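Written below as structure tokens is the structure these notes are about.
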Amino acid sequence: MLPQKMDLQTASAIKSILQKLNINNARVLIDLDKQTVEAQEDDYSVDDILEVAGVLSPERGKELLEEVKRSREEWNA
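Those letters in the sequence shown? Residues 9 to 85, per my numbering, in order.
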């Protein structure tokens, strides 16, 4: 599904409703069939990673991957 652009008034109204539910994340998934709202973390997509791939040296890329790996291990501990 392609993202749909909302006007500022609609976006503000939805943001206000979500704040009443104590949801302050910038990205949410709303399932109207299940009547649920899921706050999404600010993950980077593969496209985002590939976009900056040319900016990083291979060594720096390895360092960042190791840092992410360590962080995930700490979060899961």
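Think of the CB as a built atom: it goes at the ideal place given N, C-alpha and C, for glycine as much as any other residue. These numbers come from a predicted model, not from an experiment.
To the nearest whole angstrom, what separates the beta carbons of residue i and residue j, a pair I think is in contact under 8 angstroms?
i	j	result
residue 146	residue 48	Outside the modelled stretch of the chain, which goes from 9 to 85, sits residue 146, for which no answer is possible.
residue 8	residue 45	In the structure displayed, the chain extends from 9 to 85; residue 8 sits before or after that span and is not available.
DSSP on residue i, reduced to helix/strand/coil?
i	result
residue 47	strand
residue 31	coil
residue 2	Any answer about residue 2 is impossible in this case: the structure gives the chain only from 9 up to 85.
residue 36	strand
residue 79	helix
Report all residues from its chain with a CB closer than 6 angstroms to the CB of residue i; omit the five preceding and five following residues, and keep chain order.
i	result
residue 14	none
residue 78	none
Excluding five sequence neighbours on each side, which residues of the same chain lie with their C-beta closer than 8 angstroms to the C-beta of residue i?
i	result
residue 31	45 and 47
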